[in-house]
Structure formats: C-alpha cells, structure tokens
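Visitor: So the sequence shown is numbered by this note's numbering: it starts at 12 and just counts up by one.
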Amino acid sequence: MPYSDYRPELMGSATLEPRGPFEAGSYQSLTLTYTAGRFGVDDTGSIKIGLRFATDFGPVQFDDPKAPGYTTVEASNGATLECRWEFKRNIRPWSRSLYIGVMKHFLKPGDTITIRFGDTRQGSPGIRMQTYCEKEFEFRVLVDAIATYDYVALPESPKVEIAPGPGVTWQAALPTMVRAGAPFALKIRSTDKWGNPSDKTDQELFFGTEGAAIAGLPSGGDAKSGSFAMVADGLTIAGPGDSVIIVKDEAGRELTRSNPIRAIADETGEGQVHFWGDTHGQSNETLGTNTARDYFVYGRDKAFLDVMAHQGNDFQITGSFWRHLNELTAEFDKPGEFVCIPGYEWSANTAVGGDRNVHYRHEGETIHRSSHAQIADPTDIVDEESDAHDAHALFEKLKGKDCVMAAHVGGRYADITFAHDEALEAAVEVHSCWGTFEWIVWDAFEKGYRVGIVGNSDGHKGRPGADFPGASFFGSQGGLTCFIAPRLDRDAIFDAMRRRHHFATTGNRMLLDLAVTCPSDATVFLENPPGHGGRTETARRLMMGDVARVDCDAVSLDVEVVGSAPIERLDILRGREVLETIRPFAAPDLGRRVRMTMEGAEYRGRARTTTWDGSLRVSGNRIERAEMFNNWNLDRGIQSVSADGVSWKAVTTGNTCGIDFLLGDAAGGELAIETKHVSTKLAVDDIGLDDMVLDGGGLERMIKFYRLPDAPDVTRITHSMEIPLLDTGDTPVFVRVIQADGHKAWSSPVYLLR
12 MPYSDYRPEL
22 MGSATLEPRG
32 PFEAGSYQSL
42 TLTYTAGRFG
52 VDDTGSIKIG
62 LRFATDFGPV
72 QFDDPKAPGY
82 TTVEASNGAT
92 LECRWEFKRN
102 IRPWSRSLYI
112 GVMKHFLKPG
122 DTITIRFGDT
132 RQGSPGIRMQ
142 TYCEKEFEFR
152 VLVDAIATYD
162 YVALPESPKV
172 EIAPGPGVTW
182 QAALPTMVRA
192 GAPFALKIRS
202 TDKWGNPSDK
212 TDQELFFGTE
222 GAAIAGLPSG
232 GDAKSGSFAM
242 VADGLTIAGP
252 GDSVIIVKDE
262 AGRELTRSNP
272 IRAIADETGE
282 GQVHFWGDTH
292 GQSNETLGTN
302 TARDYFVYGR
312 DKAFLDVMAH
322 QGNDFQITGS
332 FWRHLNELTA
342 EFDKPGEFVC
352 IPGYEWSANT
362 AVGGDRNVHY
372 RHEGETIHRS
382 SHAQIADPTD
392 IVDEESDAHD
402 AHALFEKLKG
412 KDCVMAAHVG
422 GRYADITFAH
432 DEALEAAVEV
442 HSCWGTFEWI
452 VWDAFEKGYR
462 VGIVGNSDGH
472 KGRPGADFPG
482 ASFFGSQGGL
492 TCFIAPRLDR
502 DAIFDAMRRR
512 HHFATTGNRM
522 LLDLAVTCPS
532 DATVFLENPP
542 GHGGRTETAR
552 RLMMGDVARV
562 DCDAVSLDVE
572 VVGSAPIERL
582 DILRGREVLE
592 TIRPFAAPDL
602 GRRVRMTMEG
612 AEYRGRARTT
622 TWDGSLRVSG
632 NRIERAEMFN
642 NWNLDRGIQS
652 VSADGVSWKA
662 VTTGNTCGID
672 FLLGDAAGGE
682 LAIETKHVST
692 KLAVDDIGLD
702 DMVLDGGGLE
712 RMIKFYRLPD
722 APDVTRITHS
732 MEIPLLDTGD
742 TPVFVRVIQA
752 DGHKAWSSPV
762 YLLR
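1. If you measure between the beta carbons of Ile714 and Val695, is that distance less than 8 angstroms?
2. Could you check whether the segment 489 to 499 touches the segment 536 to 550, counting it as contact only if at least three pairs of C-beta atoms, one from each stretch, sit closer than 8 angstroms?
3. Determine contact between the segment 213 to 230 and the segment 241 to 249, defined as no fewer than three beta-carbon pairs at a distance below 8 angstroms.
4. Starting from Val258, trace the beta strand (DSSP E) both ways and give me its first and last residue.
5. Could you give the DSSP three-state label for Ile504: helix, strand or coil?
6. According to DSSP, is Ala384 helix, strand or coil?
7. Apart from the five residues just before and just after Arg304, which ones in its own chain have a Cβ nearer than 7 angstroms to its Cβ?
8. Indicate whether Gly489 and Leu316 have their beta-carbon atoms separated by less than 8 angstroms.
9. Residues in its own chain within less than 7 angstroms of Glu374 by CB, not counting five upstream and five downstream?
10. Closest to Phe596 by C-alpha separation, out of Gly699, Ala683 and Glu281, would be which residue?
11. Take every Cβ of the segment 423 to 435, pair it with every Cβ of the segment 449 to 466, and state whether three or more of those distances are shorter than 8 angstroms.
12. Check Asn337 in the structure and name its three-state DSSP category.
13. How far does the beta strand (DSSP E) with Arg604 in it reach, from first residue to last?
14. From the DSSP secondary-structure annotation, give me the bridge partner or partners of Trp623.
15. Under 6 angstroms Cβ to Cβ from Arg151, same chain only, skipping five residues before and after it: list those, please.
16. Can you say whether Asp557 is buried or exposed, counting buried as having 16 or more other CB atoms within 10 angstroms of its CB?
17. Do Ala637 and Thr300 have their CB atoms nearer than 8 angstroms?
18. State the DSSP-derived secondary structure class of Arg311, mapped to helix, strand or coil.
19. With the cut-off set at 8 angstroms, would you say Leu266 and Val255 are in Cβ contact?
20. Ignoring anything shorter than 3 residues, give me the beta strand (DSSP E) runs that lie fully in the segment 141 to 186, in order along the chain.
21. I think Pro186 touches Ile272, with their Cβ atoms under 8 angstroms apart; what is that distance to the nearest whole Å?
22. Please report how far the alpha carbon of Val154 lies from the alpha carbon of Phe128, in whole angstroms.
23. In or out: Asp432 buried (at least 16 other Cβ within 10 Å) or exposed?
24. What whole-angstrom Cβ distance do Pro32 and Glu172 have, given they're in contact under 8 angstroms?
25. Using the Cα positions of Ile634 and Arg718, report the straight-line distance between them to the nearest angstrom.
26. Check whether the Cβ atoms of Ala35 and Leu165 sit closer than 8 angstroms, and answer yes or no.
27. Can you tell me which of the three DSSP states Lys119 falls into?
28. From the DSSP output, in three-state form, read off Val527 for me.
29. Taking DSSP as the reference, what is the three-state secondary structure of Glu538?
30. Compute the Euclidean distance between the alpha carbons of Ala455 and Asp401, then round it to the nearest angstrom.
31. With a threshold of 8 angstroms, are at least 3 pairs of Cβ atoms found where one atom belongs to the segment 472 to 486 and the other to the segment 649 to 661?
32. Where does Thr180 land, buried or exposed, given buried means 16+ other C-beta within 10 angstroms?
33. Please list the terminal residues of the continuous beta strand (DSSP E) segment that includes Trp287.
34. For Ile749, which residues from the same chain have a beta carbon less than 6 angstroms from its beta carbon, with the 5 sequence-adjacent residues on both sides left out?
35. Need the endpoints of the beta strand (DSSP E) that Glu591 sits in, please.
36. Need the endpoints of the beta strand (DSSP E) that Lys198 sits in, please.
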C-alpha cells in the first residue's frame, strides 16, 4: 500500500541493469537508475527503494568499499545525497528500504540518481542476492518529490528473477505410516546450498532398502535437469513392517536416505495412518513471497506435503484476495490426494490476544479481521462491523462456525492467558521459522487448557513445508505437523485437528506413536470441553490428543519412536514435569564426543533473537574435530578451528543449535567458553551423560554440555512405563524426542481427568 496515489505517472521512472536471472545467494553488482519526473525532487525531498519484509538481500553498507554490500549513490547534477539502509522504516510489506535524501540542492526533471548495489569498482565482491527464489524480486521505488514525506510509488519498479543454484544435497520423502498393500510414492528433490529445490541437477540415482521389501521400487532413475522433483509411485509394502529407502550415486556413495515408513495391517481400511502438513504461511499478496498459487504448488510438488493452508495477515487481505484464496483452496483440494484448507491469520496486537490461525472447513466463510490497517479499498471497510478487534470478540464471531483455530508465536505472539476458547482453539504452535516456543504449551497447562501441539513454517519465503531462514533474522528451519487420520480429506483432517490427533516436528519426518492404556474403561470425549452433552465413546486404549475421564490412579504409557536420524533422547512428560529421560545409550557407551548446545531467547516478543557468537579454548587436551548442527545461515557457523580452540557465530530464537567436539582425550583438560551470555571454565572430566546447564538469563536461555557416543546409530526406541495421575486437575501426558542431528518432535498430550 503506497503512502499516496497522487499522479504516480509524473514521479519519474527507474531502470535496473543487469536484469538477471540471478542465482539465489550469489554476489552481484546491480545499477539502479532513478530519473526524476515532471516535478523533479525538491530540496530535502527523497526517494526510497523498498524491499520485502522477509528478504535477506544485502545488507547494504556505505563505509567499506572492499566489503560485501558496498553501495554508492550519485546524483547527475552533483546534489548532496543522504543515505540510510533502514530495517523497518517503511510501510509493510516493503519494510527493508534504502532512504536517499536530496540535500542542499534539488533535482530537475530528467536528472538522475544512480545507485550501485554491490559496487565492485574498489574491491567489493558485490552484494548478495536474496537466498531464496522469487519470480519477481522487486525494487519498489517510492518518491517524495514535494518534500512532504508523503511518498508515491512509481507505476513500474524494476523486477528481477532469483533462481535456484545447483543442487548440493538430496532429500527423499515417504509417508511415515501407510496400510499394508496400499500404494504410496517415493519423492526425491535436490536442493541448493540455501535449501531451494534445484532444477539444475542431472544425476543418475540408485535405490536400495533396509527393512521390509518395497514392491514396485525401481532400481534407480534419472534426476533430470529442468525438473524440481523425481517421483516413483505405485509402491507397496505387502505386510506389516518398517522400511527405509537409501539413495546412492553411480559410484555407490550414499546421497541420502528417506524417513522411515511403516506399513500396518488394517483389514477395515479405517485404521489411522499419517499425513504431513504445513498449515501456516503466506504469499506476496500479504507479507510473503511469490503468489498464492505458487505457494500451494510449492508445498504440494516441491515440499511433498499432504495438507496445506494459507494464512495471510487479515489486515492486508482485501475482499478480492479473500475470494481468490477461497477459489484456490477449492481448486487444489483433491480428496484422497491433497487437502487444501481455506483460512487466514487473525493478526491482532498481543495486548488484545495476539496471532491466531483460523482454518475453515468450507469455502465462502466470512473473514473477521482484527483491523483494516492496510486495506485501502472502501468496499472492504464498509464491512468493518464484521471485524473482531480482540480475541474475545473473535471467539464470539466464530462461535458455531465449522472452523478450527491454533495459537502461534510469530511477530505478535498469542497471549492465550488473555483469551482462549476450548471448543475452537484446539492447538498451539510450538515451532516455526520464528523459533521454538515450549513456553506457550506451559501457558496452556497452567491455565488448564487442553490443546494439541503443532509445528508449521509460518513461512514468508514462498517455501511452505521446507522453509529455511537463509541469511535473514528468522532463527530456524520451519516445522511440520503429522496428522493421524484414516483418510486424506477435509473431514478426516478436521476431525484430527479437533481431537488433537497429531504431533509436531522441527521439520523432520520421524515416526512417533504414543498410547495410554487404562486398567478399566475410560470415557473418551470426542468434543472439547467435556461434560456438556457432547459425543463420547468408551475405550481402554487412548491415543495422543485424547481427552478421557478415567477411574484409576495410574495408567500405562507405551511409546515408540523411529527417527529420521539417530535418537539422542526421549523425554516422558507429565505437564511440565519430566518423569523420565530415555537414551539409547548409557555412560559406558560415551566416548570423546562432547556436545555443547545454545538455546533460548531474549524474551517472548519480536526482538527475541539471542546472539551466541563466541569461542571455546581447550587446555590439557586437543580438538580433533568440531561440527555445528542447526546452523541455517551459511554466514554463521564455525569461523575457525584448531587443536586448542574454536570460534563461531550463532543465533537462537527459542530454538537450539550447537557444536559437537571430538576431543583427543575423553577425560583430560579444561574447557573455557566465552559468549555474551555465558562465560566460564569447566573440567572435561565433569561432563557426562546428564546435562550440565549454564544459565544465560533471558527466556529459557542457556548453554548445555553433555556427552554422546562417538558415533550414535540407534534410530528406534520403544518404552513402556506407569504414569501416576496427579491428585487434582488434568494429567497431561506427552513426549518430546530429540535426535542427534538436532531435530525435535513433540506429541500432543493425552489429557486424563479423574
């Protein structure tokens, strides 16, 4: 939305050279030339070049001509120009902006301002292009010709295409749970170094299996240049069993292995199987990247999702775009193949409830906006009486409607202590690109709410289901939700949402199964809140998400995890209390591998990023190898490593990253760590199986040290135990899984009522 729409055709023009396309994350030198229009630009007037909110283009700098991002600005008439690179000083979505003020002079019509982004004439390597792909990356030029600070957008601003680089890594996706004999597909993609699916790979692939035989699996296939994905469909597993597909190159080197797949016996055809989804992200019609159509195509065909929803900020969704979204979800929704859900993000300030995701069962519903802050169309403002300006009003507007909601933590975090509706708000989002937020689950427990746990991308980069922060301020890879349902259609997925039959991950696809067995019949409430005449059923065996009244003092818990990588630990939780931690190794299995994790955030709000740049020095020992995990920005990570020390750059936004050190001696010497938030010394011999926690203040901010086996290789854990019920209130029982590669998962809790 521009500041003003007064006579844009008189405000000048802009061109850009070269025109691209450009490889994502590559260094380039771009020259943008603005030519003043009919009014010229008055003394103290200015122009702004706006870039989209989520972009990691640049950054622009004016001080070091040999460093990346060096930018020069010149006026053809010699006018003095004042330049500032501003992070959030422009109307969204054009939040990133270069301000150029005309000082001590003015521009006549036809005078020019030449901006060289990444000026290489004095040794700069150029400026880094955005690290994710965009069909039309726009340099939005806005002009304050009259020096009123009331900007007008040019009718046409320069646009370039940003395309993927060559593939460097591979991913192979399978469904995690299917029925024996039912067909499924293997889907493979190659991604460039920034995580973009690449169509620039020409590779012959060879397939093998570990575990149950997979009928119909070819010996291999060609990943052709020009294609973003390779699909082998019509595969089956004849009987119950687990399997993994290994993908190798022509030399026999392993390129990747799929997530685990399990086939279950199910003669009725109504058994619960798995469907993977990302129901939270947006496109460039609001604050994201690429179009809404591109968004759905990416999630379905490049990220291999089964379930999707679009969640644009409500105060930017015009009436016409709302209708377009509903048309798209109706078009993409194919029962049995792909579930596409209409909805929006209710985007109120935290003080009046904070962000909530609204998912409608059917198209054609009303959008109840938190405000019309960025909607200029008067035909939309006429409908302002349908708005819901706080969360209480939203719940009242949605009462009786066929919809499901989730509370999430993005820019504006949801304050579920301010408002919550048990019948509508079925879940909280524990992980997204913004970070990891277990504290919102703790908020729910403290208030006695019964919510499921989901993970999504909350993506703004046009990569739903496979979103990475790149070089931006986002802290983490996007999450996923595994829905447990008998069928892939809206009825079954909405039932899974309402009954909390799902688990969340930080983006990996592990197999997680949780069951609670009661010694006598339990009353399972099919609707929440219980006890108001809603539907019930009787059962002794409960699954994740169930709410049940039980007549006992303890229940039996059975958990099985098959990881997408070796498993580090399985935590059994009763509310916030960790009842037991199960590891697939014991103290005698530990060796010379020491893990240091950095985690937590500054606080709950937008500026939650914690910087962990630091170093570790070792004395009386030596470092043989150091490897970082969960580092998503190639500019960060390990900066230097030697036998006696390591330095790194890292950030967390509630999530976890870390470094594994392989020491020369398992027990000798001392480690000295220096970071902004934690600095201390510790003896290597004091580091063992259990976490050594070093508090860093802030919000659950800490560094941990502990040991792992030198080469963890256990991908499967099964565990059974008795869970005593709490004396009063609900007993929420759930699990958290941590893999050795840093990925995590959380089951939705089973809620047990006495």
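Here a beta-carbon is modelled for each residue, glycine too, at the ideal position from N, C-alpha and C.
Predicted model, so just to flag it, every value in this text is computed and none were measured.
Guide: In short, the structure shows the following:
1. Here the question's residue 714 lines up with position 703 in the sequence shown. Here the question's residue 695 lines up with position 684 in the sequence shown. Their beta carbons are not under 8 angstroms apart, which means Ile714 does not touch Val695 by this criterion.
2. no
3. yes
4. Along the sequence shown, read from residue 1 onward, the residue named residue 258 stands at position 247. Gly252 to Lys259 is the extent of the beta strand (DSSP E) around Val258.
5. Counting from 1 along the sequence shown, the entry for residue 504 is found at position 493. Helix.
6. For the purposes of this step, residue 384 is taken as residue 373 along the sequence shown, with counting starting at 1. In the structure shown, Ala384 sits in coil (DSSP, three-state: anything other than H, G, I, E or B).
7. If you number the sequence shown from 1, residue 304 lands on position 293. Same-chain partners within the cutoff: Leu339.
8. For the purposes of this step, residue 489 is taken as the residue at position 478 of the sequence shown. For the purposes of this step, residue 316 is taken as the residue at position 305 of the sequence shown. No.
9. For the purposes of this step, residue 374 is identified with residue 363 of the sequence shown, where counting begins at 1. Around Glu374: Asn337, Thr340, Ala341 and Pro353.
10. Taking the sequence shown and counting its residues from 1, one reaches residue 596 at position 585. Comparing Cα positions, the closest option is Gly699.
11. yes
12. If you number the sequence shown from 1, residue 337 lands on position 326. Reduced to three states, the DSSP call for Asn337 is helix.
13. Locating residue 604 in the sequence shown gives position 593, where the first residue counts as 1. Looking at the DSSP string, the run of the beta strand (DSSP E) that includes Arg604 is Arg604 to Ala612.
14. Indexing the sequence shown from 1 puts residue 623 at position 612. Bridge partners of Trp623: none, in fact.
15. Working through the sequence shown from its first residue, we reach residue 151 at position 140. Only Gly61, Trp105 and Ser168 meet the Cβ criterion.
16. Here the question's residue 557 lines up with position 546 in the sequence shown. Asp557 comes out buried.
17. Counting from 1 along the sequence shown, the entry for residue 637 is found at position 626. Counting from 1 along the sequence shown, the entry for residue 300 is found at position 289. Contact flag unset, no.
18. Within the sequence shown, the letter at position 300 stands for residue 311. Helix at Arg311.
19. Within the sequence shown, residue 266 is the residue found at index 255, counting from 1. Within the sequence shown, residue 255 is the residue found at index 244, counting from 1. No.
20. 145 to 149, 151 to 155, 170 to 174 and 180 to 184
21. Position 175 of the sequence shown holds residue 186. Position 261 of the sequence shown holds residue 272. The pair is a contact, with the Cβ atoms about 6 angstroms apart (cut-off 8 angstroms).
22. Residue mapping note: residue 154 aligns to position 143 of the sequence shown, counting from 1. Residue mapping note: residue 128 aligns to position 117 of the sequence shown, counting from 1. Their backbone Cα atoms lie some 19 angstroms apart in a straight line.
23. Numbered from 1 along the sequence shown, position 421 holds the residue referred to as residue 432. So Asp432 counts as buried.
24. The sequence position of residue 32 within the sequence shown is 21, counting from 1. The sequence position of residue 172 within the sequence shown is 161, counting from 1. At roughly 4 angstroms, the Cβ-Cβ gap stays under 8 angstroms, so Pro32 and Glu172 are in contact.
25. As a first step, residue 634 is located in the sequence shown; it is residue number 623 there, counting from the start. As a first step, residue 718 is located in the sequence shown; it is residue number 707 there, counting from the start. So the two alpha carbons sit approximately 15 angstroms from each other.
26. Taking the sequence shown and counting its residues from 1, one reaches residue 35 at position 24. Taking the sequence shown and counting its residues from 1, one reaches residue 165 at position 154. Cβ distance not < 8 angstroms, so Ala35 and Leu165 don't count as in contact.
27. Mapped onto the sequence shown, residue 119 falls at position 108. If DSSP states are grouped into helix, strand and coil, Lys119 belongs with coil.
28. For the purposes of this step, residue 527 is taken as the residue at position 516 of the sequence shown. In the structure shown, Val527 sits in a strand (DSSP, three-state: E or B).
29. By one-based count along the sequence shown, residue 538 stands at place 527. Correct three-state label for Glu538: coil.
30. On the sequence shown, residue 455 is found 444 positions in, with the first residue counted as 1. On the sequence shown, residue 401 is found 390 positions in, with the first residue counted as 1. If you take the alpha carbons of Ala455 and Asp401, they lie about 19 angstroms apart.
31. no
32. In the sequence shown, residue 180 corresponds to position 169, counting from 1. It counts as exposed.
33. Translated into positions along the sequence shown, residue 287 becomes position 276. Element bounds for Trp287: Val284 to Asp289.
34. Looking up residue 749 in the sequence shown gives position 738. If we look at Ile749 and ignore the five residues flanking it on each side, its Cβ neighbours are Glu579, Arg580 and Lys755.
35. For this step, residue 591 is matched to residue 580 along the sequence shown. Where Glu591 is concerned, the enclosing beta strand (DSSP E) stretches over Glu588 to Ile593.
36. Here residue 198 refers to the residue found at position 187 when the sequence shown is read from its first residue. Taken as a continuous stretch (DSSP letters only), the beta strand (DSSP E) holding Lys198 covers Phe195 to Thr202.
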